[in-house]
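Residue numbers (the working numbering), protein chains in the order written: chain A, 1 to 328; chain B, 329 to 754.
What follows is the structure in structure tokens.
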């Protein structure tokens, strides 16, 4: 008690001392210093933000603008000769059934990502909090897929899905399900699902880490209080963990949706959009048009459409989120 | 305490010093460049042929003091896109690989390839090998080797089931049925890359429509890509796919990762239609399989106009010089060395390549045999996907893959190619 009182005194004394050193200035002077301060702040802000803004402007804003500019031309990309075509590329795009297939596949991937990656990530994150022996081992194992290079995963899964030597068919054979055996990546009906499963396998650990970090951040007191009131562990999850995870779930959803809309790499490695365009995504189709078929103009129009679609979807999510916050 | 002047000055100093160190290092690099020049070579050869290319580069470096060649081996399937990105970005390799045809022509039209007409001696090469890199009477590339596409088969397996090399298509169908009934995949095929399936389409179309069919369609004189022969070719492919002549999921298998070859080596498949690079690849993959490897030519179809002696093939590699190269003269010299008689002879001896260069002696009996086939050939059908402009080639490859996957009818596929041909070629 005594100690605290002393401290209090000292602090008060200090306060009084400082107010003596800096007497309040006249009102006019305040305005001037504020102005000067603002000017100074401006330059500091420019100094710090400028370089980043320059890079962002050059590699994002300028690139998007140039993509739109190129999409107005008929151009091979290797030629110096460009023919202005107006919106012709976009008109072709609307009538291009491969583009629609790829858009459909993109939304399929969005749905699959939301419905499998997030729940799977959450389940794995929860598992990591349960008192199982060798938790550190499981944590590393679960996180492994996300650390592997995408190309390595792609080639690994090409062999796993191989119709003749692949482990999937071997296991099905062992289980007596011979009729289910097939070349998974070679059939138009199964190829897209086989690739989507691989994508989910790769990215679920990423969400696991996000959720794990969020769960660690939930105060222990809440659980203790709930326990005192006799809440079951199911109740604790539904009434404490889940509601407090909502912001993380929203962030994860945005990441996952945008990621799925722009997705490219595993498809390129595993199927290259085939067979017969059945696994084509917007990004792989753009790549094929631009670099294989030498249609830089048309490729750019696909690319710009991708941007618009992703922007639109993000705006919808943000509006929803704002509404939810307003309701709360 | 904010002292903006200090901060701004610090920033300026930072930029200036950064700029200084930058310019210093570049002058350092400049002085180094004067004594040694670097050429970049992009190729896609593997195994023994890669050794031949490297040896040629060594000879070139010995003859040209202070010139350093950076050899970059690219993977086959992504190579095309990689080169077009490099060309479009203005940083092409000095010397690059191609197959001639419509793909190279695209770069020629864009003014990206050096005219080699005055540099290479046409007398040195076989005429059929030079023509794929000739556009409007000028030559844009020097060929090194030629490829043909026979049907490869497992000799031991044929013996075991009492089978013989087929003379007619009916006999081939019988072989397929025998192999099927013994749980062997008749034809191994990795068609994710699409070009392996294209061999079937080219052969069937040629066998039905005769040697002039493709040129008529390509030059837009006479028959088109929707000709009856093309529809029939599509029907035959469907027939084969429906009777299970190919492994499960072949449309998702990749040639580059070895999925079709493995089936052959594991003796789970009996035959494969592939280029004569199969020989070099096998020697690299599984040398002991070579003694089982035999080949025959794709049989003629009854009532068709093409003969068994007409062969699908192409020229590969063709080496060209980029117009944007800083050392065009040196790069041309490198192309000459790469396509010299010494390189061609080494390639013929070790890789089983048929030379595009004249007067090569073959001591490998396989190669001698393949070379005889080429000499006896009445017509060589160059690969569609390399001869046609890339946009049209892609449609041909896509529709053929769809035919194999039974997701397009022969009529639809032929019509689609013809429509694109009208758009691109006319």
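Don't be surprised by glycine CBs; every beta carbon is placed ideally from N, CA and C.
Does DSSP put residue 480 (chain B) in a helix, a strand or coil?
For this step, residue 480 (chain B) is matched to residue 152 along the second chain. Residue 480 (chain B): strand per DSSP, three-state reduction.
Residue 632 (chain B) and residue 551 (chain B) look like a contact to me (Cβ under 8 Å); what is the Cβ gap, rounded to whole Å?
One-based indexing of the second chain puts residue 632 (chain B) at position 304. One-based indexing of the second chain puts residue 551 (chain B) at position 223. Not confirmed; about 14 Å, so no contact.
Interface residues of chain A around residue 415 (chain B) at Cβ under 8 Å?
Numbered from 1 along the second chain, position 87 holds the residue referred to as residue 415 (chain B). Here the neighbours are 78.
DSSP three-state call for residue 756 (chain B): helix, strand or coil?
Because chain B spans 329 through 754 in this model, residue 756 (chain B) falls outside it and cannot be assessed.
Could you work out which residues of chain A lie near residue 735 (chain B), taking near to mean beta carbons separated by less than 9 Å?
Indexing the second chain from 1 puts residue 735 (chain B) at position 407. The contacting residues are 188, 275, 276, 278.
Identify the continuous beta strand (DSSP E) that holds residue 648 (chain B) and give its terminal residues.
In the second chain, counting from the first residue as 1, residue 648 (chain B) sits at position 320. It spans 646-649 - the beta strand (DSSP E) in which residue 648 (chain B) sits, taken as one unbroken run.
Quick test of your reading: residue 646 (chain B) and residue 470 (chain B), contact by CB under 8 Å. State the CB separation rounded to the nearest angstrom.
Counting from 1 along the second chain, the entry for residue 646 (chain B) is found at position 318. Counting from 1 along the second chain, the entry for residue 470 (chain B) is found at position 142. At roughly 7 Å, the Cβ-Cβ gap stays under 8 Å, so residue 646 (chain B) and residue 470 (chain B) are in contact.
Residues of chain A with CB under 9 Å from residue 585 (chain B), in chain order?
Position 257 of the second chain, counted from the start, is the residue given in the question as residue 585 (chain B). The answer, in chain order, is 155, 158, 159.
Note down the Cα distance separating residue 403 (chain A) from residue 252 (chain A), rounded to an integer number of angstroms.
Outside the displayed span of chain A (1 to 328) sits residue 403 (chain A), for which this structure offers no information.
For residue 169 (chain A), which residues in the same chain have their Cβ closer than 6 Å to its Cβ, ignoring the five residues on either side in sequence?
Within the first chain, the letter at position 169 stands for residue 169 (chain A). Around residue 169 (chain A): 181.
List the endpoints of the continuous alpha helix (DSSP H) containing residue 544 (chain B).
Taking the first residue of the second chain as position 1, residue 544 (chain B) is located at position 216. 541-546 is the extent of the alpha helix (DSSP H) around residue 544 (chain B).
Cβ of residue 287 (chain A) less than 9 Å from any chain B Cβ?
Residue mapping note: residue 287 (chain A) aligns to position 287 of the first chain, counting from 1. Judged by the 9 Å Cβ criterion, residue 287 (chain A) is in contact with chain B.
Is the stretch 253-270 of chain A close to the stretch 686-702 of chain B, with three or more CB pairs under 8 Å?
At 8 Å Cβ cutoff, the stretches do not touch.
Are any of the Cβ atoms in chain A nearer than 9 Å to that of residue 613 (chain B)?
In the second chain, residue 613 (chain B) corresponds to position 285, counting from 1. Closer than 9 Å: no.
What are the boundary residues of the beta strand (DSSP E) that includes residue 398 (chain B)?
Here residue 398 (chain B) is taken as the residue at index 70 of the second chain, counted from 1. Taken as a continuous stretch (DSSP letters only), the beta strand (DSSP E) holding residue 398 (chain B) covers 395-401.
Are there 16 or more other CB atoms within 10 angstroms of the CB of residue 53 (chain A), so buried, or fewer, so exposed?
Locating residue 53 (chain A) in the first chain gives position 53, counting from the first residue. Label assigned to residue 53 (chain A): exposed.
Note the first and the last residue of the continuous beta strand (DSSP E) segment covering residue 124 (chain A).
Working through the first chain from its first residue, we reach residue 124 (chain A) at position 124. Run containing residue 124 (chain A): none in the beta strand (DSSP E); it sits in the alpha helix (DSSP H), 118-127.
Any beta carbon of chain B sitting closer than 9 Å to that of residue 265 (chain A)?
By 1-based counting over the first chain, the position of residue 265 (chain A) is 265. Cβ-Cβ to chain B under 9 Å: no for residue 265 (chain A).
May I ask you to report which of helix, strand or coil DSSP gives residue 80 (chain A)?
Taking the first residue of the first chain as position 1, residue 80 (chain A) is located at position 80. Coil, per DSSP.
Which word fits residue 57 (chain A), buried or exposed, when buried means at least 16 other C-beta atoms lie within 10 angstroms of its C-beta?
Within the first chain, numbered from 1, the residue matching residue 57 (chain A) stands at position 57. Result: exposed.
Can you give me the C-alpha to C-alpha distance between residue 307 (chain A) and residue 256 (chain A), rounded to a whole angstrom?
The residue given as residue 307 (chain A) occupies position 307 in the first chain. The residue given as residue 256 (chain A) occupies position 256 in the first chain. If I take the Cα positions, the gap works out to 16 Å.
What's the gap between the Cα of residue 449 (chain B) and the Cα of residue 707 (chain B)?
Residue 449 (chain B) sits at position 121 when you count from the first residue of the second chain. Residue 707 (chain B) sits at position 379 when you count from the first residue of the second chain. Whole-angstrom Cα-Cα distance: 24 Å.
Please say whether residue 596 (chain B) and residue 164 (chain A) have beta carbons closer to each other than 9 Å?
What you label residue 164 (chain A) is simply residue 164 of the first chain in a count that begins at 1. What you label residue 596 (chain B) is simply residue 268 of the second chain in a count that begins at 1. Yes, they are a contact pair.
Three-state secondary structure (DSSP) at residue 74 (chain A)?
For the purposes of this step, residue 74 (chain A) is taken as the residue at position 74 of the first chain. Looking at residue 74 (chain A) - three-state DSSP - the assignment turns out to be strand.
Report the CB separation of residue 421 (chain B) from residue 480 (chain B) in whole angstroms; it is logged as a contact under 8 Å.
By one-based count along the second chain, residue 421 (chain B) stands at place 93. By one-based count along the second chain, residue 480 (chain B) stands at place 152. Their Cβ separation, rounded to whole angstroms, is 33 Å, which puts residue 421 (chain B) and residue 480 (chain B) out of contact at 8 Å.
Distance check for residue 295 (chain A) and residue 99 (chain A), CA to CA, integer angstroms please.
Counting from 1 along the first chain, the entry for residue 99 (chain A) is found at position 99. Counting from 1 along the first chain, the entry for residue 295 (chain A) is found at position 295. Distance between the alpha carbons of residue 99 (chain A) and residue 295 (chain A) is about 14 Å.
For the stretch 707-723 of chain B, enumerate the residues whose C-beta is nearer than 8 Å to any C-beta of chain A, in chain order.
Listed by position, the residues of the stretch 707-723 of chain B near chain A (Cβ gap below 8 Å) are 718, 719, 722.
Which residue spans inside the stretch 585-663 of chain B form an unbroken alpha helix (DSSP H) run of at least 4?
Whole alpha helix (DSSP H) segments, 4+ residues: 587-593, 605-613.
Name the residues in the stretch 515-537 of chain B whose C-beta lies less than 9 Å from a C-beta of chain A; which are they?
The residues in question are 519, 520, 521, 522.
Under 7 Å Cβ to Cβ from residue 211 (chain A), same chain only, skipping five residues before and after it: list those, please.
The count along the first chain starts at 1 and reaches residue 211 (chain A) at position 211. Result list for residue 211 (chain A): 121, 122, 125, 245, 248, in chain order.
According to DSSP, is residue 732 (chain B) helix, strand or coil?
Working through the second chain from its first residue, we reach residue 732 (chain B) at position 404. Residue 732 (chain B): helix per DSSP, three-state reduction.
Should residue 311 (chain A) go down as buried or exposed, given a rule of 16 or more other Cβ atoms within 10 Å for buried?
Numbered from 1 along the first chain, position 311 holds the residue referred to as residue 311 (chain A). Classification for residue 311 (chain A): exposed.
Who are the neighbours of residue 575 (chain B) on chain A, taking C-beta pairs under 8 Å?
Counting from 1 along the second chain, the entry for residue 575 (chain B) is found at position 247. Per Cβ cutoff of 8 Å: 163, 164, 183.
For residue 442 (chain B), which of helix, strand or coil comes out of DSSP?
Counted from its first residue, the second chain places residue 442 (chain B) at position 114. DSSP places residue 442 (chain B) in coil when its eight states are reduced to three.
Per DSSP, which residues does residue 467 (chain B) bridge with? Please list them.
For the purposes of this step, residue 467 (chain B) is taken as residue 139 along the second chain, with counting starting at 1. Beta-bridge pairing links residue 467 (chain B) to B:462.
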